[in-house]
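> First the structure, then my questions, so here it is.
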Amino acid sequence: MPSAAEAADLRRFGQFARGFYADTNIDRRTCQRVTPLEVLHLAHSRTGTLSMVCAYEILGYPNPYHFSSIWANARDSDLWLEAFRAKWEGVGAPFGRAQWDQLLGHCGAVTDQPAILFAEELLAAYPDAKVVLVERDVESWYRSISALFDVSLAPMFLGLRFLDPYWIGRIIRVGVISFGYAFGQAHNPTVAGLKRRARQGYREHYANVRALVPPERLLEYRLGDGWEPLCDFLGKPIPKEPFPHLNESRDLQEMRCGGVQ
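This is the structure we're talking about:
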């Protein structure tokens, strides 16, 4: 049960706030699926993913996975790094249903990086899961993701890896590697290189998902459309509360400032 201060931080920062407190330290290799994975939200980062996480929680999907989930359990990083190495470097066996059930077995929905980089694998592992895409205008998205590159690859932020290699170092490593594979800079990504490839990587990701998913399994959701199209697609009753809206840029910046302070 969180304290009053912890509860306030969770309301303000979402799952990122868990990074201010004790690592839950779960070894996912010892886990198995405990709830069906029903939604694959395969939209790119900076397309309202935190708002959609809140929406899925309201609709009753347990523990929607988001990059911020790694802040709650840094040991998730180890399995994500194994998945990266298997897919892109040929080291170890590619992840199948058993490995995804270990890593994501507590989740009723999956969103955001690094999960979206394994869209094809997750679609094959969970053929009954419904797929949701949210796509922003590419230039609006580019401005948002560029700001994230600037902060996430800033020397001061990357330097935190050496102050705390066990917790924040692991998390930063997964984030940087995710950017690299998403935008064609697999090794030692730079801000300039990521920005140069961002638009193309964004378009390629959406084209790939649309090519993989039959129309009856896919919802192209637009932020601002409210509950009705999402609930109709997922077969859920429309909640009484308003559709959540989180300002990702503001909340992420506040989280970072709080963590550094």
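Residue numbers for the sequence shown follow our numbering, beginning at 30 and rising by one.
Ideal Cβ placement from N, Cα and C applies to all residues, glycine included.
Which whole-angstrom value is the C-beta distance of Q229 and L223, which I expect to be below 8 Å?
Actually they do not touch by this definition, with Cβ atoms about 11 Å apart.
> Could you tell me which residues DSSP pairs with V161 in its beta bridges?
Beta-bridge pairing links V161 to H70 and L248.
> Is the segment 156 to 172 touching the segment 239 to 252 in the sense that three or more CB pairs, one from each, lie closer than 8 Å?
Yes, they touch.
> Apart from the five residues just before and just after G89, which ones in its own chain have a Cβ nearer than 8 Å to its Cβ?
Taken in chain order, the residues that qualify are G137 and K265.
> Helix or strand or just coil, what does DSSP make of Y171?
It is helical.
> Quick check: what's the CA-CA separation for E111 versus G121?
Cα to Cα, E111 sits roughly 8 Å from G121.
> In whole angstroms, give me the CA-to-CA distance for F262 and L248.
Whole-angstrom Cα-Cα distance: 7 Å.
> For the pair the segment 198 to 212 and the segment 175 to 190, tell me if three or more CB-CB distances fall below 8 Å.
Result yes; three or more Cβ-Cβ pairs closer than 8 Å.
> Hey, how far is the Cα of P143 from the Cα of D130?
Using only the alpha carbons, I get a separation of about 16 Å.
> In this structure, what does DSSP give as the bridge partners for Y94?
In the DSSP output, where bridge partners are listed per residue, Y94 has V139.
> Given 8 Å as the limit, is there contact between the segment 61 to 75 and the segment 97 to 107, that is, 3 or more CB pairs closer than that?
No contact exists between the segment 61 to 75 and the segment 97 to 107.
> As a quick exercise: from N54, S173 and Y85, pick the residue whose alpha carbon is nearest that of R75.
Residue S173 is the option with its Cα nearest to R75.
> Tell me which residues share the same chain as Y85 and place their Cβ nearer than 8 Å to its Cβ, disregarding the 5 neighbours each side in the sequence.
Here the set comprises V68, H70, P93, G137, A138 and T140.
> Using the three-state DSSP reduction, which class does R228 fall into: helix, strand or coil?
Helix, per DSSP.
> Mark H73 as exposed unless 16 or more other C-beta atoms lie within 10 angstroms of its C-beta, in which case mark it buried.
Its Cβ being crowded by 16 or more others within 10 Å, H73 is buried.
> Kindly indicate which residue of P91, A101 and T78 has the alpha-carbon position closest to the one of D56.
Among P91, A101 and T78, the Cα nearest to that of D56 belongs to A101.
> Which residue from G204, R190 and V205 puts its Cα closest to that of G198?
Comparing Cα-Cα distances from G198 to each of G204, R190 and V205, the minimum goes to R190.
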